[in-house]
Structures are given as structure tokens and as C-alpha cells.
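Written below as C-alpha cells is the structure these notes are about.
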Amino acid sequence: MLQQTTVQAVLPYYRRWLELFPDLMTLAHSPLQKILKAWQGLGYYQRAKNLHLAAKLIIEKFAGRIPDRYEDLSSLPGVGPYTAAAVLSIAYGQPYPVLDANVRRVVMRLAGMKEERSSKNHIILSSRLKSIFQEKIPGIFNQALMEFGALVCKPKSPRCLLCPLADFCLAFQRGEQEIIPQPKNQRCQRIEAVVAVVQEDGKYLIQKRPSSGLLADLWEFPGGKKRPGETLKEALSREIREELSTGIKGCRFLLRVQHAYTQFRVTLYAFECRLERKPKSGKRALRWITLPELRQYPFPSGSAKIIKFLEERGSARSARASIER
Ligand code: SF4
Numbered sequence: 029m030l031q032q033t034t035v036q037a038v039l040p041y042y043r044r045w046l047e048l049f050p051d052l053m054t055l056a057h058s059p060l061q062k063i064l065k066a067w068q069g070l071g072y073y074q075r076a077k078n079l080h081l082a083a084k085l086i087i088e089k090f091a092g093r094i095p096d097r098y099e100d101l102s103s104l105p106g107v108g109p110y111t112a113a114a115v116l117s118i119a120y121g122q123p124y125p126v127l128d129a130n131v132r133r134v135v136m137r138l139a140g141m142k143e144e145r146s147s148k149n150h151i152i153l154s155s156r157l158k159s160i161f162q163e164k165i166p167g168i169f170n171q172a173l174m175e176f177g178a179l180v181c182k183p184k185s186p187r188c189l190l191c192p193l194a195d196f197c198l199a200f201q202r203g204e205q206e207i208i209p210q211p212k213n214q215r216c217q218r219i220e221a222v223v224a225v226v227q228e229d230g231k232y233l234i235q236k237r238p239s240s241g242l243l244a245d246l247w248e249f250p251g252g253k254k255r256p257g258e259t260l261k262e263a264l265s266r267e268i269r270e271e272l273s274t275g276i277k278g279c280r281f282l283l284r285v286q287h288a289y290t291q292f293r294v295t296l297y298a299f300e301c302r303l304e305r306k307p308k309s310g311k312r313a314l315r316w317i318t319l320p321e322l323r324q325y326p327f328p329s330g331s332a333k334i335i336k337f338l339e340e341r342g343s344a345r346s347a348r349a350s351i352e353r
């Protein structure tokens, strides 16, 4: 849950998750849709699916106990070197150092390493960490270093004047703590997409995304990416024809939402429209559901903003109607 976000932002999700899935058995036997719904808003949906799969495997193969051998733990879906080291050191007291983003930053600054992306530098980083690792208290050491990175050796404005390690820190001695690690030169793809909000007899049309790839197994309003040179309405018409084998009519612009996912930024243009014919589902599952039911399905965050808009519009209309009565 904590990938690329803060503890503060994750806490409500974490608490709700534990209420819904208090133990492995409950998690393993819950439907995927309920799990994705509880995860909605956190991104990296593959992680939720992996937790679900891992819970099932732990019950089937390891008699319901989280394995305490590195090889067994690493065989579970979604468990890489970081998670395996964290679980084994914190839960089982085994001597595995954890190299998360906070620890990486601390060690890089202490060693005055600016560049970490080459494999050679990764080896140096790991060996520096091992040289300070405290094998007798692995869990406490790992948690302390992660916490130190989050609270003292922070990404921006590290608190060097209060830092007990300042005498040993090469970055501090060279005045380079603010430029280590160097920011990644990431180019974030920008996408424009169009979606059709189709309502018939008080029900909205939604479709399920494929089971693999980006935002897999989430639900969405039908639509897709705008191609270069297309107008928004042309793009919508083409997408709906491709996805539902029908044309659209009475198209009216509803709202524009923007959302930044990890890999790209999307500007989503939502149009309210009707279909010329009954839609054909093709490869994707389709469903007609009411506005309150939309809340029960897992949607990507961009679509969730459209749902919020529809709910607010619905409440405003009801309020107006009750005043006029
Ligand atoms: Fe981090 Fe500054 Fe301490 Fe170095 S002196 S470890 S940069 S907080």
C-alpha cells in the first residue's frame, strides 16, 4: 500500500482493509472484486491481486502460516527481495537487510553516491548497507533506518544539523545532501481519452477491463484513447463502435477530469450520450447498474471522479426537485 505514497495517506485504506479482511482465510475467500474495490484509489492494482493470490497459496501450500524461509516466501506472487527481507527480519527476526527508498537514500548520502542506477553502484550500495547492518536486531535495525530516512534524512531538506550521523556523512561534508539521489529524468506520457456515460432506465453502462495489463480487472465507462488528428467526438464515436458495435447519438459534453497514474497522465473527457442500438459486449463484460451501485465496483481513479460528479449532480437535482414541490 505504501508504494509511492505516505503513511498518512494510506492509513484509512489500511484500517478499512483490516476490517474487511482481518485474516488470511477471509482474504483468500473474498471475491476479487471486493478486494479491488477496497484497494481503489491506491493504484498498483496488481499488488491487491497478488495479496489475494498469495493468501490462497499460503493456505493451500503452507497450512495458513506465512513462510519463514526466504525461498518459500519469495515464491509467493508479489513478494520480491524487499518484501521478503522486511517480513523475515521484522516478523521472524532473521538477518536480512531491507533496501527501500528511504534506506537507499540514507546509505547513498552517507557514502556520497550520486548515481545508483548502474548495477555496479547497486552492488556498492548493498555492500555498504551490509557493512552497517546489525544482525542481532535485524527487525529493529531495518525499521529504525527506514524511519530515520523518513523523518531525518528526508528527501527534501534533510535535517543534517540534528543528525547523529553528520560526522560520518560524505554528502553532508561535501554539501551535496540536497542533490543525492539525483532526480530521475522520467518522462511521463500524457494521454487524452474519451468516455461515454450512457444511461438508460436509470442505469449506467459500464464494462470490465481485460484481466491483464494496465488497470486490469477494474471497471470503466466505455471509451478509449483519442488518436492524433481526431476531434473528441470522432474519437468517442470510433471507440464506441469498436467496443460496443453501435453508434452514438445526442452526445453532450459532461466534464473533463485529469489524473496522474504512475506511468502516465490522463485527461479524460466524459460525454453523456445514448446508443443507437443495444450494445454487444465483444470480449469485455458489460453491465447496466444504478448510480448507487457504481460505488460497489472498483474503478480507476479517473473514472471515480466522473462517478463523484454524477452523484453530486444527482443530489443537486433531488434537492432542486424537493424545493420546487
Ligand atoms: Fe542524511 Fe544529513 Fe544525516 Fe547525512 S547528515 S545522513 S544527509 S540527515
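Numbering (the working numbering), first residue to last: 29 to 353.
Beta carbons are placed, not taken as given, at the ideal position from N, Cα and C, and that holds for glycine.
Quick check on the burial criterion: 16 or more other C-beta atoms within 10 angstroms. Buried or exposed for residue i?
i, result
"glutamine 201", "exposed"
"phenylalanine 327", "buried"
"isoleucine 151", "exposed"
"leucine 55", "buried"
"alanine 288", "exposed"
"leucine 16", "The structure shown does not extend to residue 16, since the chain is modelled only from 29 to 353, so the question has no answer here."
"phenylalanine 49", "buried"
"serine 186", "One point to set straight first is that residue 186 is proline, not serine, in the sequence displayed. Answer is buried; the Cβ neighbour count reaches 16."
"serine 350", "exposed"
"lysine 184", "exposed"
"isoleucine 168", "exposed"
"lysine 253", "exposed"
"isoleucine 207", "exposed"
"valine 134", "buried"
"serine 265", "buried"
"histidine 57", "exposed"
If I follow the unbroken alpha helix (DSSP H) through residue i, where does it start and stop?
i, result
"serine 131", "Just to set this straight, residue 131 is valine in the shown sequence, not serine. It spans 129 to 139 - the alpha helix (DSSP H) in which valine 131 sits, taken as one unbroken run."
"phenylalanine 200", "198 to 202"
"tyrosine 98", "98 to 102"
"glutamine 171", "166 to 179"
"lysine 308", "Looking at the DSSP string, lysine 308 is not in any alpha helix (DSSP H), and its letter there is neither H nor E."
"lysine 336", "329 to 352"
"glutamine 61", "60 to 67"
"leucine 52", "52 to 57"
"alanine 263", "260 to 272"
Helix, strand or coil for residue i per DSSP?
i, result
"threonine 318", "coil"
"tyrosine 297", "strand"
"valine 35", "helix"
"lysine 184", "coil"
"arginine 285", "Checking the sequence, you will find valine at residue 285 rather than arginine. The answer is strand: DSSP assigns valine 285 an E or B state."
"glycine 252", "strand"
"arginine 156", "helix"
"isoleucine 94", "coil"
"lysine 277", "strand"
"leucine 193", "coil"
"arginine 323", "coil"
"leucine 46", "helix"
Indicate, with yes or no, if the ligand SF4 has a heavy atom lying under 7 Å from the CB of residue i.
i, result
"glutamine 205", "yes"
"valine 354", "Because residue 354 is not part of the residues shown, which for the chain are 29 to 353, the question remains open."
"arginine 187", "yes"
"phenylalanine 200", "yes"
"arginine 156", "no"
"leucine 193", "yes"
"cysteine 197", "yes"
"cysteine 279", "no"
"leucine 179", "no"
"leucine 138", "yes"
"valine 135", "no"
What residue range is occupied by the uninterrupted beta strand (DSSP E) comprising residue i?
i, result
"isoleucine 207", "Looking at the DSSP string, isoleucine 207 is not in any beta strand (DSSP E), and its letter there is neither H nor E."
"valine 223", "217 to 228"
"lysine 77", "Lysine 77 -> not in any beta strand (DSSP E); alpha helix (DSSP H) instead, spanning 73 to 89."
"tyrosine 110", "Careful: tyrosine 110 lies outside any beta strand (DSSP E), inside the alpha helix (DSSP H) at 109 to 120."
"leucine 233", "231 to 236"
In chain order, what residues of the same chain lie with their CB nearer than 7 Å to the CB of residue i, ignoring the 5 residues before and after it?
i, result
"glutamine 210", "Lys142, Glu143"
"leucine 314", "Leu233, Gln235, Pro307"
"leucine 246", "Leu64, Tyr73, Arg237, Pro326, Phe327, Pro328"
"glutamate 339", "Leu319"
"arginine 269", "Gly275"
"glutamine 171", "Ile118"
With a threshold of 6 Å on Cβ separation, who are the neighbours of residue i within its own chain once the five nearest residues in sequence on each side are excluded?
i, result
"arginine 218", "Arg293"
"leucine 260", "Val222, Tyr297"
"tryptophan 45", "Ala66"
"phenylalanine 337", "Leu283"
With a CB to CB cut of under 8 Å and the five nearest residues on each side skipped, what residues in its chain are close to residue i?
i, result
"alanine 194", "Cys188, Phe200"
"tyrosine 42", "Met29"
"serine 102", "Gly108, Pro109, Ala112"
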